[in-house]
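S.K.:
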Amino acid sequence: MDNTSIERKLADHEERLLALEKKLLGAPHKAASTSIQRQISPKEFLIEKKPSGEVQKTLVLCYFIEHKLGTSPFNIDDLTKVYKLAKEVIPSNLNDKINKNIDKGYLVEAEDKKEMKKAWHLTDSGEGFIDQLNKN
12 MDNTSIERKL ADHEERLLAL EKKLLGAPHK AASTSIQRQI SPKEFLIEKK PSGEVQKTLV
72 LCYFIEHKLG TSPFNIDDLT KVYKLAKEVI PSNLNDKINK NIDKGYLVEA EDKKEMKKAW
132 HLTDSGEGFI DQLNKN
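If you count the sequence shown from 1, you need to add 11 to reach the working numbering.
Structure below.
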């Protein structure tokens, strides 16, 4: 191999390597952001979404569990815990609020139980409803 073909191969490899790095890393990242990303609390999330009534409040907190805490499916214990974190009064019949959201198509029962208890997750309709809630 002569120097020209070696240089071409090297340039080709360099091009391919850069393309792979771009795919893996995406756009170049800034070194360090000066602002710190703060996690929102369940109470702040409720204030932001402004649900009307206990059924919507339950759905908002279900969304919080899935999207902010990364827990899916979730059970009654998860929901009770988030109600307490938000310093909200837990509805006397929380399962009724869940069932009303199931009837609306916003929640669905998970196939498997979680910790020997019924578990649920949001549907696309439920996520869409919360995403649109209190949008300006």
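Think of the CB as a built atom: it goes at the ideal place given N, C-alpha and C, for glycine as much as any other residue.
#1: Between residue 116 and residue 141, what straight-line distance do the alpha-carbon atoms span, to the nearest angstrom?
#2: Going straight from the alpha carbon of residue 136 to that of residue 113, what length do you get?
#3: Go through its chain and collect everything with a Cβ distance to residue 145's Cβ below 8 Å, but skip five positions before and after it.
#4: When burial is assigned at 16 or more other CB atoms within 10 Å of the CB, is residue 91 buried or exposed?
#5: Are at least three pairs of beta-carbons, each pair with one atom in the stretch 117-137 and one in the stretch 96-105, less than 8 Å apart?
#6: Fully enclosed by the stretch 63-140, which beta strand (DSSP E) runs are 3 residues long or longer?
#7: Quick check on the burial criterion: 16 or more other C-beta atoms within 10 angstroms. Buried or exposed for residue 71?
#8: Can the beta-carbon of residue 57 be found less than 7 Å from the beta-carbon of residue 22?
#9: Can you tell me where the alpha helix (DSSP H) holding residue 58 begins and where it ends?
#10: Please return the same chain residues whose Cβ sits closer than 6 Å to the Cβ of residue 94, not counting the five positions on each side in sequence.
M.R.: According to the structure data:
#1: Cα to Cα, residue 116 sits roughly 13 Å from residue 141.
#2: Roughly 11 Å separates the two Cα atoms.
#3: Cβ within range, chain order: 59, 60, 61.
#4: The residue is exposed, with fewer than 16 neighbouring Cβ atoms inside 10 Å.
#5: Flag = no, the stretch 117-137 and the stretch 96-105 do not touch.
#6: Qualifying beta strand (DSSP E) stretches, in chain order: 118-120, 130-133.
#7: It counts as buried.
#8: Going by beta carbons, residue 57 and residue 22 fall outside the 7 Å limit.
#9: Bounds of the alpha helix (DSSP H) holding residue 58 are 53-60.
#10: Excluding positions up to five away in sequence, the list reads 101.
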